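Okay, so here's the structure we're looking at.
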Amino acid sequence: MAKFPALPATVDRYVREFLNRLAGRSGNAGDKAVLHSELAELGLAREKGQRLSLPASTVGSITDTLEPVLPEITVTGDGGSGGGVTAPNVPTPATGLSSNGIFGAVILVWDAPAYNGHNHTEVWRAQIDDRAQASLAHEASGSRYTDVTGNTTLHYYWVRHVNSAGQVGGFNALAGTAGQGTAIISLADLMLESPELSEQPFSVRNISTEAEPEYVLIFNGYLAVNGPVNISQLQSGELQNGTALTVGQGSIELSTGSDGFGQMVITGSGGIATNDYLVLKEGRIESYIYTASSGHVRYKEVRRTESGIGRHNQSVVIPAYFKSQPTINLYPRDITVYNADYPNQSQRLELYHSSPMPHGSIEGAWVFKPYARLLLADGSKTEVRNALYQGASNTTTFTRGGVDQVKKVTLKGRVASQRSTGSGGTWQNRKVSVTLRYRQQWGEWIDGETVAVDIEQFTTHDIELSQTMTQGSYEVGLYFLAEDREGAFNSGSVTYDYRDENKIANPYQKTLSPTNSAQTFRHTISIGDPNIGSGWEINRILYFAKVDIRLEVRNLYRYDSKAWGQDKVKGRARVRLPNDRGEYNTYEKTTSNDSFSKEWEVTRFTDISMRWEDVVHKDGNIYPEVEVWAERAGYDGQSQAGSFYEPNYVPTSLAYVHIRDIAATIYYQRAQPVSDAPLNHFYWDTTAYDLGATDVSVSDAIIHWTATGE
């Protein structure tokens, strides 16, 4: 495939950028121009004769050199079947894959495919010779690809062809073709591709002895540049120390310093005076930028870089070759950045590493250990302890397990103590002393602050104790001591024991539908006698029930004969249920109009929840009573004078109530016998810690690392 020639240094920078984009040297892959010869090579067009070899000035448009490649069309008759574009051939297995390592890259070349309908060639790559683990690296339109790896890692390659229908052919081989970039610029990297060259212009010569060789790069040929060439002190075609060769108005300089090391400087037209420039020296590549205020400032250095992952406090081997200690940078990969054991201290992740040391058995390799830790700032936390002792013992000790990084602790609690003298309502005065205790792991308990509380009759007193200590891990505790103090007091208060029991009652139903005058019916809901004896008395009773109510009404005549008038008896029904205030909740229904009707109007109240509390009667009965009422009956028609019709005297109203799920909880109390044994209540409610700054290792951390150096 034809190559675009290098551009002279005198070409305008904007024109240069435009032409370099067309040539594919810069910009995106899609910016590159397509040559007529490339269209022919891809099979997208067919050359007319040998016209692509003619001088460009002798041809006009693209149609003078190429003709389109038309698909083969199969035309069938009226009775035929099928038709369409001829399918491409199945791709043949790829052949002839070879590799060549150059500086930081691998050049791959394979045989051009010869089947019809070729589209592209897939390039697959892996770091081990196992095609199953290879991944697609590139899709090449030609038969050549340069894999820029940027390192010297050994890779294995496979290729296979793909046709225009997406069918893939066989790989070139089961075993991979090895390829590896080099760490130095070899002569092969300096090879020039041009049909005019009969031999390469570069060679290497030893200008010293075999025992102490000194190699130089020799240019064998004519140097053609646009602009002046400045050569100082050339001897036998070789640059001497302190001399320089400049090319292209100073844009390239080859020189040697007084130290004997050679270097290449690449910059813009006019030299490095006010231009950015690139320096290649002693195996390093450095770049500098120019600013009007600071002059030349070092910008970047191209250095060897390796990367990988490691675990906290585990050795990592940096692959060879680094001739001096590399610089290590760490980044989080899979790390816990919050420790829930320290919710009250701000936490910051820190990554650090040991100093890299040379590997014991691999030359040029280095070893280090990465570490991860959380740095905790000063903080505080409060725990709810809820420890309680209630009983006759006058001493009790509570303890709490170790807490890290404690500088100060504050404990809060409550105390109460009482003891009857055993004589009437006389009670002994009491006192409670509380001591804060602390210790480090496996150490002796140390008594801290102590507070003493004089108990005032039956009251509960709050306590608070604090202790400051050297930052560390501590267990803490409280020691309670209750005792009599001088004097006594009288109290008529009685101490009770309490219990409760549940009872249920049978459901109750009542239907009231008078066939004469209006009627009222009352019923008392009862659970029976709730008393249980043995000195237990009822404190209160809670009743519960569910109630369903149905009310039906209609309008009938008051008289059986029209001669007496046409007055109506309106249907009315009512149910009254006792409520928790000793009053009634009323549920009632009256006919909605005054018209005569034999049809019932019905209203239902279902699943009514009832609750009563009795602190007065406490006899198992609910007060007041349930009341059910319904209006008088009436005639379902009227007779006329001389008529033999006799109307019926029937109900105008119906009230139905169903009381179910009747249950009660009875609360009992009984005075406790008087004892002279003490009754103490010791509470440890909360613990507040002041926590000092520290760090916590993240032992399961996975850390990404990079090593950079020479």
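This note's numbering numbers the first residue of the sequence shown as 6 and each following residue consecutively. C-beta: ideal position from N, C-alpha, C; glycine also. Note that this is a predicted model, so its numbers are computed, not measured.
- The closest CA to that of ASN584, considering only THR126, GLU144, ASP619, is found on ASP619.
- As the crow flies, the alpha-carbon of ALA117 is around 16 Å from that of LEU49.
- At a Cβ-Cβ threshold of 9 Å, TRP710 and HIS358 count as neighbours.
- Between the alpha carbons of GLN446 and GLY365 lies a distance of about 42 Å.
- Leaving aside the five residues that flank GLN514 on each side, the residues in its chain whose CB is nearer than 8 Å to its CB run, in chain order, TYR661, VAL662, HIS663, ILE664.
- Under the rule that a run must span 3 or more residues, the beta strand (DSSP E) segments found entirely inside the region 383-470 read 384-396, 400-423, 431-445, 451-460.
- In terms of Cβ geometry, THR310 and THR713 form a close pair [threshold 9 Å].
- For ARG563, no beta strand (DSSP E) segment is defined, and its DSSP state is neither H nor E.
- Cβ atoms of GLU606 and THR596 come within 8 Å of each other, at about 6 Å.
- Taking C-beta atoms under 8 Å as the contact rule, VAL631 and LYS594 fail to qualify, at a distance of about 17 Å.
- In this model, LEU659 and THR516 are separated by some 7 Å (Cα to Cα).
- For HIS317, there is no enclosing beta strand (DSSP E), as DSSP marks it with neither H nor E.
- The Cβ atoms of VAL164 and LEU113 sit closer than 9 Å to each other.
- Rounded to the nearest whole angstrom, the CA to CA distance from THR611 to TRP634 is 18 Å.
- Taking C-alpha positions only, VAL580 is separated from VAL621 by approximately 25 Å.
- Here ASP534 has GLY625 as same chain residues with Cβ atoms under 7 Å from its own Cβ, once five neighbours each way along the sequence are excluded.
- Per DSSP, the beta-bridge partners of PHE610 are ILE554.
- The beta carbons of GLN674 and ASN521 sit no closer together than 9 Å.
- Under the three-state reduction of DSSP, ASN25 is assigned to helix.
- Within the DSSP bridge table, the entry for ASP619 names ILE546 as partners.
- Going by beta carbons, HIS160 and GLN185 fall inside the 9 Å limit.
- PRO348 is classed as exposed because its beta carbon has fewer than 16 other beta carbons within 10 Å across all chains shown.
- Where SER260 is concerned, the enclosing beta strand (DSSP E) starts and stops at 257-261.
- Here GLN472 carries a strand assignment [DSSP, helix/strand/coil].
- Apart from sequence neighbours up to five positions away, the residues of its chain that approach TRP450 with a beta-carbon distance below 8 Å are ARG442, TYR443, ARG444, GLY482, ordered along the chain.
- Leaving aside the five residues that flank SER702 on each side, the residues in its chain whose CB is nearer than 6 Å to its CB run, in chain order, ARG378.
- Spatial neighbours of LEU44 in its own chain (CB-CB distance under 7 Å, excluding positions within 5 residues in sequence) are listed in chain order as ALA50, LEU71.
- In terms of Cβ geometry, LYS386 and TYR694 form a close pair [threshold 9 Å].
- A direct Cα-to-Cα measurement between LYS508 and THR529 gives close to 16 Å.
- Contact between the region 467-479 and the region 641-658 is absent: fewer than three C-beta pairs spanning the two stretches fall below 8 Å.
- Nearest C-alpha to THR404 among ALA131, THR440, ARG435: THR440.
- Between the region 101-112 and the region 145-161, the count of C-beta pairs closer than 8 Å reaches three or more; the two stretches touch.
- In the same chain as GLN172, and ignoring 5 residues on each side of it, the C-beta atoms closer than 7 Å to its own belong to VAL95, PRO96, in chain order.
- Boundaries cannot be given for ASN536, as no beta strand (DSSP E) includes it and DSSP labels it neither H nor E.
- DSSP places LEU335 within a strand segment (E or B) once states are collapsed to three.
- According to the DSSP secondary-structure assignment, TYR592 is paired through a beta bridge with VAL580.
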